[in-house]
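*Asks:* Oh and the sequence shown: position 424 is 423 in numbering that gives the first Met the number 0, straight run, nothing missing.
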Amino acid sequence: MSAQTYKKLLLKKLVLGLSFGLMLSANASLFSTTSVQASQGDSDAQFTLGLMYAEGDGVKQNYAKSIEWYQKAANQGNSDAQFNLGLLYADGEGVKQDYVKSAEWYQKAANQGDSDAQYIIGTLYDTGTGIKQNYAKAVEWYQKAANQGNSDAQFNLGVTYDKGEGVKQNYAKAIEWYQKAANQGHANAQNNLGLIYYKSKGVPQNYTKAAEWFQKSANQGNPDGQNNLATMYGKGHGVRKDQAKEAELYKNSAIQGHDIAQNNLGYAYHKGQGVKQDYPKAIEWYQKAAKQGNSNAQNNLGTMYLNGEYVTQNSAKAAEMFRKAANQGHAEGQSNLGWLYYLGEGVERNSAKAVELYTKAVQQGSALGENNLGLAYYEGNGVKKDYNQAFKWYQKAANQGLAKAQYNLAIMHYSGDGTPQSYSKAVTLYEKAASQGDATALNNLGLMYDKGVGVTKNMKRAKELYGEACEAGDQTGCDNYRKISK
């Protein structure tokens, strides 16, 4: 799931309706009439004239003139003119960009009850743009706008309660405001409601409802909703599992620039999930996401460079990508970069640095980091050799289902290092790793059946396992298969 509890910070470019005939098509005749009325001090006409200059409607576009007439109307208390002056100062159109002045004009409009201005003042307090950041003030203005039915404000108010910014965290309130906005068709609110049900925030977890809200959001072309709905199809949560649909939705989101979807689409092409395996396309989408700073994509690109998948094997390039991910706190990136330091591939060998990176990764619960730290203790590389510590970290990683850790733990049970020797436990762990396709575990499990160690001797089963190990790329498995076949 992509995190969606962000706030809508984009200043909305609104052309507000007036009783003064904005529904009419502006033309030269209307411009002439409006000019006369504006010159006579009619604030609505002054605003309309400012709008005509801004839009180039019935007259040549001229932002300076637009501001002049907006100013006249605004000084008479015209809230629409005040709003649009705030917009022009924010965008720097016709004037030097000035967020402080922008905030001042939005504030004037907001004070008159303009819900859109109230919403924007809320965002300015939220972000500290043009005014000092103040979450409590942001909530106050969101509330004013939300009470008038402003869906953007309702959404942002939901976010503040969801995150506990400016108010005490309250999921019930978050749901209430998300629901109000969602019922008005607010795509981000619909997506966030989906996340509420998916993550069980204040309500029982309900994948079906989550999928329904993601679908509503996705139907409006919302990239977050599309990405999250894709994940539901990939996992079969709330909908029937459909990897083709998953990939399709990731693509719809990815082409809109959604970095998480770009990484997910890259992974789909990388592994051939829902689409035909295509390494060039995998790299293309990983790169798009990585350029946006997506740490998962950076780590995935690093893996492709390390393994030489479609690209020329390049440990230095792999290290570069792993480092980018690691610098963002990406646990797998830290583990992978640590591994390169451990081996001295792509970087100068530095076992202490490797252990430092593994330690950062395990603090985040990384199974790969736990396994690698276990290996460091097992070999006494970067730390003092300690079988008990090695066993501890292998166990943690194995409990998370990491095949390589299950294999390493089996070795320790087999040899009695750091734990009482137990061939039967070794067999159990080899089986777990082998069931995940670990080639070395397949060979070693075959050896246990071959020799009758920890398990009843079974040459037929041993031969099968050697064969599977060979097919998985283990040369020893190939050699053992040939020997047992004679």
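C-beta atoms are modelled at their ideal positions from N, C-alpha and C, and glycine is treated no differently.
Computed from a predicted model, the values in this text were never measured in an experiment.
Using CA coordinates, which residue listed in A180, K179, Q178 and G157 is at the minimum distance from N169?
*Replies:* Of the candidates A180, K179, Q178 and G157, the one whose C-alpha sits nearest the C-alpha of N169 is G157.
*Asks:* Do you know how far the Cα of G373 is from the Cα of Q363?
*Replies:* About 16 Å.
*Asks:* If you run the structure through DSSP and keep just helix, strand and coil, what is L13?
*Replies:* Because the pLDDT of L13 is 33, which lies under 50, any placement of that residue in the model is unreliable, and the question is left without a value.
*Asks:* Indicate whether the contact test is met: 3 or more Cβ pairs, each with one atom in the segment 430 to 438 and one in the segment 396 to 403, closer than 8 Å.
*Replies:* These segments touch.
*Asks:* Is the CB-CB distance between M447 and A425 below 9 Å?
*Replies:* Cβ atoms of M447 and A425: closer than 9 Å.
*Asks:* Just curious, the alpha helix (DSSP H) that D223 is in, first and last residue?
*Replies:* From DSSP, the alpha helix (DSSP H) with D223 extends over P222 to K234.
*Asks:* In chain order, what residues of the same chain have a beta carbon less than 7 Å from the beta carbon of M22, not counting five sequence neighbours either side?
*Replies:* Its pLDDT being 38, under 50, M22 is placed unreliably by the model, and the measurement read from it follows with that caveat. Same-chain partners within the cutoff: there are none.
*Asks:* In whole angstroms, what is the alpha-carbon distance linking A243 and A315?
*Replies:* Answer to the nearest angstrom: the Cα atoms are 35 Å apart.
*Asks:* Would you give the residue range spanned by the alpha helix (DSSP H) that N326 belongs to?
*Replies:* Run containing N326: S314 to N326, per the alpha helix (DSSP H) assignment.
*Asks:* Over what stretch of residues does the alpha helix (DSSP H) that includes A247 continue unbroken?
*Replies:* This sequence places Glu at residue 247; Ala is not what is there. Q242 to A253 is the extent of the alpha helix (DSSP H) around E247.
*Asks:* Out of curiosity, what's the CA-to-CA distance linking A25 and A53?
*Replies:* At A25, the pLDDT of 42 sits below 50, so the modelled position is not reliable; the number obtained from the coordinates is stated separately. Each residue's alpha carbon lies about 12 Å from the other.
*Asks:* Is it true that the CB of G445 sits closer than 9 Å to the CB of G423?
*Replies:* Contrary to the premise, residue 423 reads as Ser rather than Gly in this sequence. No, the Cβ-Cβ distance between S423 and G445 is not below 9 Å.
*Asks:* Straight-line CA distance for D79 to N182?
*Replies:* Each residue's Cα considered, the two are about 27 Å apart.
*Asks:* So the alpha helix (DSSP H) R460 belongs to, where does it begin and stop?
*Replies:* Start and end: M458 to E470.
*Asks:* For the alpha helix (DSSP H) containing S421, list its first residue and its last residue.
*Replies:* Looking at the DSSP string, S421 is not in any alpha helix (DSSP H), and its letter there is neither H nor E.
*Asks:* Looking at G76 and Q45, is the spacing between their C-beta atoms short of 9 Å?
*Replies:* No, the Cβ-Cβ distance between Q45 and G76 is not below 9 Å.
*Asks:* Excluding the 5 residues flanking A404 on each side, which residues of the same chain have their C-beta closer than 6 Å to its C-beta?
*Replies:* Result list for A404: N370, Y393, A396 and A397, in chain order.
*Asks:* Going along the chain, which residues of its own chain have a beta-carbon closer than 6 Å to the beta-carbon of L248, five neighbours each way excluded?
*Replies:* The answer, listed in chain order, is Q225, L228 and A229.
*Asks:* What number of angstroms, rounded off, separates the C-alpha of Q178 from the C-alpha of N155?
*Replies:* Each residue's alpha carbon lies about 12 Å from the other.
*Asks:* From which residue to which residue does the alpha helix (DSSP H) around G157 run?
*Replies:* That run of the alpha helix (DSSP H) goes S150 to K162.
*Asks:* The alpha helix (DSSP H) that contains H412, what's its start and end?
*Replies:* Looking at the DSSP string, the run of the alpha helix (DSSP H) that includes H412 is A402 to S414.
*Asks:* For K136 and E355, what's the separation of their Cα atoms in angstroms?
*Replies:* Using only the alpha carbons, I get a separation of about 43 Å.
*Asks:* Where are the alpha helix (DSSP H) runs, 4 residues long or more, that stay fully inside the segment 369 to 400, in chain order?
*Replies:* List check, alpha helix (DSSP H) in window: 386 to 398.
*Asks:* Let's see if you can read the secondary structure: which residues bound the alpha helix (DSSP H) around T475?
*Replies:* Segment Q474 to S484, the alpha helix (DSSP H) holding T475.
*Asks:* Pick helix, strand or coil for D97, following the three-state DSSP scheme.
*Replies:* Coil at D97, not helix or strand.
*Asks:* Applying the criterion that 16 or more other CB atoms from any shown protein chain within 10 Å of the CB defines a buried residue, is L342 buried or exposed?
*Replies:* Exposed, because fewer than 16 other Cβ atoms sit within 10 Å of the Cβ of L342.
*Asks:* Note down the Cα distance separating S150 from P222, rounded to an integer number of angstroms.
*Replies:* In a straight line, the C-alpha of S150 is about 19 Å away from that of P222.
*Asks:* Just to confirm, are T427 and A409 a CB contact at a threshold of 9 Å?
*Replies:* For T427 and A409, yes; Cβs fall inside 9 Å.
*Asks:* On a Cα-Cα basis, can you pick out the residue from I130, S199 and T126 that is closest to D97?
*Replies:* Checking every option, the nearest Cα to that of D97 belongs to I130.
*Asks:* Quick one: give me the first and last residue of the alpha helix (DSSP H) that S114 is part of.
*Replies:* Segment S114 to T126, the alpha helix (DSSP H) holding S114.
*Asks:* Please confirm if Q474 has its CB atom under 9 Å from at least one CB of chain B.
*Replies:* Considering every chain present, this structure includes no chain B. It has just one protein chain.
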